[in-house]
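Chains L and W supply the protein sequences, listed in that same order. For the first sequence, the tail end lands on 337 under the numbering used here, and the numbers increase by one without skipping. For the second sequence, the tail end lands on 303 under the numbering used here, and the numbers increase by one without skipping. Following: one structure in structure tokens, then a few remarks.
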Amino acid sequence: MNGGAAKIWALHLGVLAALLAAQAVLPAYHAGNLARIMVLAVYAMGFNIAFGYTGLLSLGHALFFGAGLYGMGMPVALAGWGAGAGLVAGLAAGGGLALAVGLLALRRAGVSFMIVTLMFAQAGYLTILYYTPYTRGEEGIVIDRAARVLMGLDLSQDATRYCAALALFAAALLVNLALVRSPFGRVMVAMRENEERSRMLGYDPFRVKLAALVLSGLYAGAAGAAYGLLFGYVGAGFASIQYSILPLLYVLLGGAGTVLGPFLGAALMFYLIDLASGVTTAHLLVVGAALLVLVLFAPKGILGTLRDRGLTWLP
Amino acid sequence: MDFGPFLLLALMEGLVTSAVLALTALGLALVFGVMRVVNVAHGEFFMLGAVAAWFVTTWIPGPPAAGFIAALVLCPLLVGAVAALADTLVLKRLGYDPDATIVATIGLLYVLQQAALSLYGPEARPVEAPFTLRVQLPWFGYSGYKLAVIAAAAVVLAGVWLLLARTRIGLVMRATQIDREMARAFGINVERVYAGVFALGAGLAAVAAVLIVPIQQAHYLMGQDPLLLSFMVVIVGGLGSLRGALVAALLIGLSDGVISVFFSPTLAKILATLFVALVLVFRPQGLMGRRAA
Numbered sequence: 023m024n025g026g027a028a029k030i031w032a033l034h035l036g037v038l039a040a041l042l043a044a045q046a047v048l049p050a051y052h053a054g055n056l057a058r059i060m061v062l063a064v065y066a067m068g069f070n071i072a073f074g075y076t077g078l079l080s081l082g083h084a085l086f087f088g089a090g091l092y093g094m095g096m097p098v099a100l101a102g103w104g105a106g107a108g109l110v111a112g113l114a115a116g117g118g119l120a121l122a123v124g125l126l127a128l129r130r131a132g133v134s135f136m137i138v139t140l141m142f143a144q145a146g147y148l149t150i151l152y153y154t155p156y157t158r159g160e161e162g163i164v165i166d167r168a169a170r171v172l173m174g175l176d177l178s179q180d181a182t183r184y185c186a187a188l189a190l191f192a193a194a195l196l197v198n199l200a201l202v203r204s205p206f207g208r209v210m211v212a213m214r215e216n217e218e219r220s221r222m223l224g225y226d227p228f229r230v231k232l233a234a235l236v237l238s239g240l241y242a243g244a245a246g247a248a249y250g251l252l253f254g255y256v257g258a259g260f261a262s263i264q265y266s267i268l269p270l271l272y273v274l275l276g277g278a279g280t281v282l283g284p285f286l287g288a289a290l291m292f293y294l295i296d297l298a299s300g301v302t303t304a305h306l307l308v309v310g311a312a313l314l315v316l317v318l319f320a321p322k323g324i325l326g327t328l329r330d331r332g333l334t335w336l337p
Numbered sequence: 011m012d013f014g015p016f017l018l019l020a021l022m023e024g025l026v027t028s029a030v031l032a033l034t035a036l037g038l039a040l041v042f043g044v045m046r047v048v049n050v051a052h053g054e055f056f057m058l059g060a061v062a063a064w065f066v067t068t069w070i071p072g073p074p075a076a077g078f079i080a081a082l083v084l085c086p087l088l089v090g091a092v093a094a095l096a097d098t099l100v101l102k103r104l105g106y107d108p109d110a111t112i113v114a115t116i117g118l119l120y121v122l123q124q125a126a127l128s129l130y131g132p133e134a135r136p137v138e139a140p141f142t143l144r145v146q147l148p149w150f151g152y153s154g155y156k157l158a159v160i161a162a163a164a165v166v167l168a169g170v171w172l173l174l175a176r177t178r179i180g181l182v183m184r185a186t187q188i189d190r191e192m193a194r195a196f197g198i199n200v201e202r203v204y205a206g207v208f209a210l211g212a213g214l215a216a217v218a219a220v221l222i223v224p225i226q227q228a229h230y231l232m233g234q235d236p237l238l239l240s241f242m243v244v245i246v247g248g249l250g251s252l253r254g255a256l257v258a259a260l261l262i263g264l265s266d267g268v269i270s271v272f273f274s275p276t277l278a279k280i281l282a283t284l285f286v287a288l289v290l291v292f293r294p295q296g297l298m299g300r301r302a303a
């Protein structure tokens, strides 16, 4: 197994090193895209912890992403908090809401779980619209440049923004890798594969799934807070149902239950939509067709298929 | 206006909502009950029905009533055909696996939405009502067409009930719902039943849309609200229970009418959504359903 571990570390550290080098090589437009993709990939990684590893298909993750976004944005914009405090608040909001939703929704499984999470996310989205005088609803809040300074680094600058996105992505990736290689990660997979058997082996499915969902919510919250800080905008659209579907799409494309899948899926989908919008305005069609094609012909996604075809060591 | 007539007006509006909602939700409940498929694209079939109604009434010359009746017949057939095609091309190949079908119907939702946006455009367009009759009540005048919608919905609901309870088609559908394998063993073509049920569910949504489109304009994003409301109805009524769905449609349509008249519609939606989520968490068999598997 030692050889496997070396390969795994080489691959993931190699990806991070390539991303670090990419900043020097890529034109500004693509570097900006890549920063956005890395933040969205953190969100998708969080989704993958629940869906890909633990088997919890949530249709309401925009609630946690939106919680991170507004948990950071509201105190920063209205109460004048610093960026660091805002980041922590966003993280806490994502994790806290995931805990609350999990305590209720995890009493149900399968289809009921999906609909309950969908309903909670819809209620959250409507709540943001209801408090439009504070949240500014669909129009959204623009975060001042002056407020987007973290530890002396101005996050509205292109280069620092890229590095901050990379730092967050690297931390998320390494934690994710450590998690799925840990005993707890294996218990998560056991829940996905056969809940009854793992219960018989003495694990408490409710607590394992709750812990996975809270972790997932922390990832989504961190991604939301970082998105608001790095790109200076907080809007209700990010809490809408479409942002619950996007991470699902990224994860399905890249490969559910793989560490690098969410990043690969986010990058490919981002550029697919980017390219398609040059040819046609029908970008909804791209999203819809991608979902249909994936679920019909490649339900395991790119990395999942590669893992079946020989790269069995892929985590 | 005094409180009494005001409440009456709210209740009548609620009854119109209930009637249309009952048709839409019945389609969703039928598909979930027989096929165990959560059809997230159900709202888009509703939208497709409304958009198709606009095309049909625009193309057919003569008085508005002729075009409307043509739409009422053609649109459900067309939407049902689209649904049957989607079932054969997509859902069947997935083996009706719950997770995969949910993802697939989300994909279908986007494809249908984009098709409507590209072919029909982003505008909201009105369809003329087949007749304009004003029923004068002592306190206010009320649209006779809205009353006709309630009556038409009741007729269609009764028709579906007859189909399910009194015909061979209904018998085959119920047999498939109760035990798919056993039905197959008795020579029932389960795949055809599934395609038919999926088409029937979508067709019901289309009927509801054609009925409502003279009141509410046709728009490519109009499917979202009926989808969420139908979900609520199906959950409150108990997943898969048709009678529960009818009662729940009445309950939710009426309370939606009353609450939106007296309170902020957004607040009403938030409370309703949370309430329904909690019903599903604590009483998954629905408010009046019996405890079942």
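Where a beta carbon is used, it is the ideal one built from N, C-alpha and C, also for glycine. All values reported here derive from a predicted model rather than from experimental measurement.
Closer than 7 angstroms at the beta carbon, the chain L residues around Val246 of chain W: Per Cβ cutoff of 7 angstroms: no residues; Val246 of chain W is ~12 angstroms from chain L at best.
Reduced DSSP secondary structure (H/G/I, E/B, other) of Thr327 of chain L: helix
Under 7 angstroms between beta-carbons, which chain W residues line up against Val309 of chain L? List them in chain order, please. Tyr120
If contact means a Cβ-Cβ distance below 7 angstroms, which residues of the region 133-158 of chain L contact chain W? Val133, Ser134, Met136, Ile137, Val138, Met141, Phe142, Gln144, Ala145, Leu148, Thr149, Leu151, Tyr152
For Val47 of chain L, does the count of other Cβ atoms within 10 angstroms reach 16, so buried, or fall short, so exposed? exposed
Taking the alpha carbon of Ala258 of chain L as the reference point, which residue from L:Gly95, L:Leu42, L:Trp31, L:Phe73 has its own alpha carbon closest? L:Gly95
For Leu307 of chain L and Gln124 of chain W, which I take to be in contact (beta-carbon distance under 8 angstroms), what is that distance rounded to the nearest angstrom? 4 angstroms
Exposed or buried, which one is Asn216 of chain L when buried takes at least 16 other CB atoms within 10 Å? exposed
If we require 4 or more residues per run, which alpha helix (DSSP H) segments fall completely within the region 187-236 of chain W? 190-195, 200-222
Span separating the alpha-carbon of Ala114 of chain L from that of Val123 of chain L: 14 angstroms
Residues in the region 112-135 of chain L having any Cβ partner in chain W nearer than 8 angstroms: Leu126, Ala127, Arg129, Arg130, Gly132, Val133, Ser134
Within 7 angstroms of chain L by C-beta, residues of the region 278-295 of chain W in sequence order: Lys279, Ile280, Thr283, Leu284, Val286, Ala287, Leu290, Val291, Pro294
Give a yes or no on whether 7 angstroms exceeds the smallest Cβ distance from Val317 of chain L to chain W. yes
Under a CB-based cut-off of 7 angstroms, is Leu294 of chain L close to chain W? no
Counting Cβ pairs closer than 8 angstroms, one from the region 237-248 of chain W and one from the region 42-58 of chain W, do we hit at least three? yes
Which full runs of the alpha helix (DSSP H) of 4+ residues lie inside the region 262-303 of chain L, going along the chain? 264-276, 283-301
Have a look at Leu122 of chain W and Ala120 of chain L and give me their C-alpha separation to the nearest angstrom. 32 angstroms
Are at least three pairs of beta-carbons, each pair with one atom in the region 182-202 of chain L and one in the region 57-65 of chain L, less than 8 angstroms apart? yes
Nearest-angstrom Cα separation, counted from Leu333 of chain L out to Leu237 of chain L: 27 angstroms
Quick check: what's the CA-CA separation for Leu277 of chain W versus Leu235 of chain L? 28 angstroms
Exposure of Phe69 of chain L, with buried meaning 16 or more beta-carbon neighbours within 10 Å: buried
For Asp266 of chain W, the nearest candidate out of W:Gly14, W:Phe13, W:Val26 (CA to CA): W:Val26
Please return the same chain residues whose Cβ sits closer than 7 angstroms to the Cβ of Val230 of chain L, not counting the five positions on each side in sequence. Val209, Met210, Met213
Around the C-beta of Ser299 of chain L, are 16 or more other C-beta atoms found within 10 angstroms, so that it is buried, or is it exposed? exposed
Could you run through the region 253-267 of chain L and flag, in chain order, every residue whose CB is less than 7 angstroms away from some CB of chain W? Ile267
Would you identify the three-state DSSP class for Arg301 of chain W, choosing helix, strand or coil? In this predicted model, Arg301 of chain W has a pLDDT of only 48, less than 50, meaning its place in the structure is not dependable; the value taken from the coordinates is given anyway. Three-state result, Arg301 of chain W: coil.
Alpha-carbon to alpha-carbon, Ser220 of chain L and Thr115 of chain W: 31 angstroms
Given Ala39 of chain W as reference, the closest of W:Ala20, W:Ala80, W:Pro132, W:Ser251 once Cα atoms are compared: W:Ser251
What does the alpha-carbon distance come out to for the pair Ala169 of chain L and Ala40 of chain L? 30 angstroms
In the DSSP assignment, the alpha helix (DSSP H) including Tyr75 of chain L goes from what residue to what residue? From DSSP, Tyr75 of chain L is part of no alpha helix (DSSP H); its letter is neither H nor E.
List the residues of chain L that Ser128 of chain W touches, going by C-beta distances under 7 angstroms, in chain order. Ala304
According to the neighbour-count rule (16 or more other Cβ atoms, all chains shown, within 10 Å of its Cβ), is Arg329 of chain L buried or exposed? buried
Report all residues from its chain with a CB closer than 8 angstroms to the CB of Ala75 of chain W; omit the five preceding and five following residues, and keep chain order. Pro140, Phe141
Assess contact between the region 255-271 of chain L and the region 128-137 of chain L, defined as three or more Cβ pairs (one per stretch) separated by less than 8 angstroms. Is contact present? no
Helix, strand or coil at Leu81 of chain L according to DSSP, with G and I counted as helix: coil
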